[in-house]
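For reference, the structure discussed in these notes is given below.
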Amino acid sequence: MKTEARQQGLSRRRNIFPILIFCAVGALVSYFIGPDLYTQRILLLIILWAAASSSFNVISGYAGQVVFGYMMFVGTGAYTTVLLFKFLNISPWLGMWIGAIVAVLIALIIGLPTLRLHGAFFAIATIAFPLITFPILNHLGFEELSIPFTGHGASSMQFRDMRFYVFIALTLLALVLITVRIIESSRFGFALRALKQNETAAEGMGVNTYWNKLAAFLLSAGLGALMGTVYSFGLLYIATTHALFGLFIMVRILSITIVGGIATVWGPVIAACFLVPTGEFLNAQFGDRYPGVQDVIYGVALIVATLYMPEGIWGRIRRSFRAVLSKPAASMEREAGDEFQQKTGGKTTARDLPRFERIRSGTVETYNNGPILKIEAIDKSFGGVCALEKMNIEIPRSKVTGIIGPNGSGKTTLFNVINGYLTPDRGRVVFEDIDITHFKPHAACKVGIGRTFQVVQIFNNMTVLENIMIGAFNRQGDVSKAGAISEDIAHQMGLMSRAHDQAVGLTMWETKILEFSRALATEPKLLLVDEPMAGLNPEESNRIGEMIKGIAQSGITVIVIEHVVQSLVKIADWMIGLDEGKKVAEGLPQEVISNPHMIEAYLGTKWRRRHVRS
Amino acid sequence: MEILIESIISGILIGLSYAVLAAGLALIFGVMKIINFAHAEFAVLAMYFPTYWFLNWWGIDPFLSAFIALPIFLVLGYIIHRLLIEKIIGTPEAETSTLIVTLGLSLLISNIILIGWSGAPRIINQPYTMATWSVADVLINRAQTYSFVISLGLIVGLFVFLNRTFIGKAIKAAADDPEGCAYMGINLHFVYALAFGLGIAVTAAGGCLMATYRPFHPFFGETIVIILFASVILGGMTSITGALLGGLIIGLVQQVSVLVIPVELQNVAVFTILVFFLYVRPQGLLGKKGRAV
């Protein structure tokens, strides 16, 4: 364990080293170029735009919530510092941090309500704020704020030699890049990637999507505000609403991020290295005759990159790099997988699946005989259509409970009410004596309710192992431990041969198994399984059935929704029949399927009259 | 009292031109579920070309230009959709990607205007620009009145086109159920591009009308884009009727609020409405609340 921890520390340090080296090299280059104003200016611009784009990348790249009004935070940071310096004579060194705090507070005000919005609404909401700050600041007479010159001196962040600003900016860039790198390799980073790809699934796996997004948003805002200060002191000298709240800032940051590579550490840096000098060169050459030429370049770069190279330069480099590197590694893994498969009989089979010692020891602490879940008088309707009506159900502990019913009988709605995707209109859901009626899915997952989905919900652009890790993070904050747990589960479930493949390429059977693995990694006491056999052939259905039985034998209560009544009868210990949002039958499986009401629900009254009476 | 009535009347007059601009945006969002961030910039482009330059070169009246702009921008919108938007529609990130692309496009358009025709603010100088009617001590701007009438005509025309012609019906059907349309033999590529072109054309015509009574500059779009967003959100995003209503309300609020707050801050009132609706009633005035999951 100790060596593992040390190894992880080492790898983290190794991750940070290149950033430090890059910034040190940047400082050396700047030092040896000498005090040439023009070159240093461009160097400073590159560093600052790289820093701003990387900060933006946290919320918009990693968390996937594109904040179209990001200039709000750059501007807030700069304006706060300049105003404090101008009117209260507070040193910009202190001011920049106050600016960052103000930006974070504004981000909190903007983010708290808007992060609940999706897509278009989120974009409009965030861009509306800077668009309106612009005229307000102009009205207050702050359209142009010259930074008072108090003589060159360190305390007022006013240097004759541009190199000082370059050093400050490099320190800032290092801070931003290291932050991004740490996020990338932490539980937080995994949560962001997960919620970016599939918010529903992330919630179901115990990720509090809202708070994670908010945290990323605040972090992004604070870092952007720091950039704003250095930008206005090092380059602008006169802070203007146009230069700090203008739309062109957004286009610059977006194009640098997208051209370089969304959600990468080095992408924005690389893109800034050639986009910024190109823009500046064009501006110097043609700026007099064509004043908007620089923004035209950024606009074109943005459009072209979005259309033709959405993964960005670094994304493409990384992919080809990995393709070259991973060939030998992949073949090795496949061998290990082959060995495993030989032991288990050539196929990934269900026979070896029901061994969940680890999971069992972790979750089922107390044994009592009462029902694990009580659903009390639940009503749920959608705009007048009753999906669930006066539903009363008790789920026996450590058993497989089957729920059957024709289409639209409220089965999936019932699941959604249990684990918090829907809130019932009336009634209570009680799990292990905790009232979870108003719990969100991530909270339900925390108390021990796992879930698989009718339409498979996996994180497509993550590897199989990473998918399982998202589940494991529900109980385990440490990345390497979560990784170990996930490998264990992948082994047990027979997914090891695919562990490092992207989930998007899995077969139907494998995605089903992956969903089970991920749900088991959250260490649930109760597992909700929604139509596990849909889309599988009879043999695979049988295997899934055996697996579900195995899970229940290990002490986890399972509720299964299934259309294929025959398969369900084989595995269920207890069965509940639903029809039109009401419970119409409950009992042993054989009783429920011979219940006249159930037969009628499935096959209609005529059929019942003809066959049941005889 | 006269001032209040004047504000209300000019609110309605200006509101309807916002409504025309917003209708184009709502049409595009309704059909393709994408936001065209460059929407206001197309209106600004139309203020320069054809409106301003046709008047200066050949003395063509801006109100005539509004109708000349329709086919020009229909084709322009069609081409832009084929070249840019079509490539990203249907991808999982379509909503964000189109916003990014159109944001780039908006900057591109305004800077091309800046490069081509300089940043100097322009005014249309026609006899009716500053002229007024006076009805019982209430002064009404003539240019705004003419714009109002033509806007009404445009709106009626748009509704007739969408409800009475085959292509219009195809556009409405594609908004409801694109897959079903494709199965019925409707060419979605064509319908989408046409809807995009139509949205741009209506907005461009609205821009021409607005140019008759408002000075403009290459970055004028940044000031009206928030008004357009507020109008469509008020109207529930996808509904053209809603956007018209939204535009009218926004126009009224803006003009009446000037009585209380400084002119430069008239958009603050608009912004307040926008934020209120975003947070409290994102489905807008006419929209229905959707299901949770």
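Here the protein sequences line up with chains A and B, keeping their order.
Numbering of the first sequence is given in the working numbering, commencing with residue 91 and proceeding in unit increments.
Numbering of the second sequence is given in the working numbering, commencing with residue 5 and proceeding in unit increments.
Glycine included, every Cβ here is placed at the ideal spot set by N, Cα and C.
Helix, strand or coil at residue i according to DSSP, with G and I counted as helix
i, result
"M186 (chain A)", "helix"
"E711 (chain A)", "Residue 711 (chain A) lies beyond the residue range present for chain A, which begins at 91 and ends at 704; the question has no answer from this structure."
"Q270 (chain B)", "helix"
"W356 (chain A)", "coil"
"I93 (chain B)", "coil"
"L127 (chain A)", "helix"
"N129 (chain B)", "coil"
"E466 (chain A)", "strand"
"T216 (chain B)", "coil"
"K37 (chain B)", "coil"
"I526 (chain A)", "coil"
"S246 (chain A)", "helix"
"D669 (chain A)", "strand"
"L392 (chain A)", "helix"
"E484 (chain A)", "strand"
"G479 (chain A)", "Reading off the sequence, residue 479 (chain A) comes out as Glu, not Gly. Correct three-state label for E479 (chain A): strand."
"W139 (chain A)", "helix"
"L263 (chain B)", "coil"
"G369 (chain A)", "helix"
"F606 (chain A)", "helix"
Neighbour-count burial assignment, residue i, 16 or more Cβ in a 10 Å radius
i, result
"T597 (chain A)", "exposed"
"L213 (chain B)", "buried"
"Y398 (chain A)", "exposed"
"E681 (chain A)", "exposed"
"Q566 (chain A)", "buried"
"A124 (chain B)", "exposed"
"V366 (chain A)", "buried"
"S245 (chain A)", "exposed"
"A374 (chain A)", "exposed"
"E268 (chain B)", "exposed"
"M317 (chain A)", "buried"
"H43 (chain B)", "buried"
"Y128 (chain A)", "exposed"
"R250 (chain A)", "exposed"
For residue j and residue i, the rounded distance between their alpha carbons
i, j, result
"L278 (chain B)", "T223 (chain A)", "14 Å"
"S345 (chain A)", "T106 (chain B)", "13 Å"
"G495 (chain A)", "Q656 (chain A)", "13 Å"
"E484 (chain A)", "V341 (chain A)", "56 Å"
"A168 (chain A)", "S322 (chain A)", "6 Å"
"A73 (chain B)", "S21 (chain B)", "15 Å"
"I204 (chain B)", "L248 (chain B)", "16 Å"
"P75 (chain B)", "I254 (chain B)", "28 Å"
"M552 (chain A)", "L232 (chain B)", "39 Å"
"P219 (chain B)", "A273 (chain B)", "21 Å"
"V546 (chain A)", "Q287 (chain A)", "13 Å"
"A792 (chain A)", "N228 (chain A)", "Since the displayed chain A opens at 91 and closes at 704, residue 792 (chain A) lies outside it and no answer follows."
"S14 (chain B)", "I348 (chain A)", "44 Å"
"G288 (chain B)", "F212 (chain A)", "15 Å"
"P54 (chain B)", "S114 (chain B)", "15 Å"
"K536 (chain A)", "I237 (chain B)", "37 Å"
"F446 (chain A)", "K571 (chain A)", "With a pLDDT of only 46 at F446 (chain A), under the threshold of 50, the placement of this residue in the model should not be trusted; the figure read from the coordinates follows. If you take the alpha carbons of F446 (chain A) and K571 (chain A), they lie about 17 Å apart."
"L263 (chain A)", "Q248 (chain A)", "20 Å"
"T171 (chain A)", "S587 (chain A)", "55 Å"
"Y82 (chain B)", "G157 (chain B)", "23 Å"
In DSSP terms, what residue i is bridged to
i, result
"W664 (chain A)", "A:T491"
"T542 (chain A)", "A:V619"
"Q582 (chain A)", "DSSP, once it has assigned bridges, lists no residue as partnering Q582 (chain A)."
"R412 (chain A)", "Answer is none; R412 (chain A) lacks a bridge partner."
"A98 (chain B)", "A98 (chain B) pairs with nothing; no bridge assigned."
C-beta contact flag for residue i and residue j at 7 Å
i, j, result
"P514 (chain A)", "I468 (chain A)", "yes"
"M688 (chain A)", "G492 (chain A)", "no"
"S717 (chain A)", "L313 (chain A)", "Nothing can be reported for residue 717 (chain A): it is not among the residues displayed for chain A, which extend from 91 to 704."
"V490 (chain A)", "A609 (chain A)", "no"
"I651 (chain A)", "K501 (chain A)", "yes"
"E10 (chain B)", "D141 (chain B)", "no"
Residues that residue i contacts on chain D, provided the C-beta gap is smaller than 9 Å
i, result
"F211 (chain A)", "Looking for chain D here will not work: the only protein chains present are A and B."
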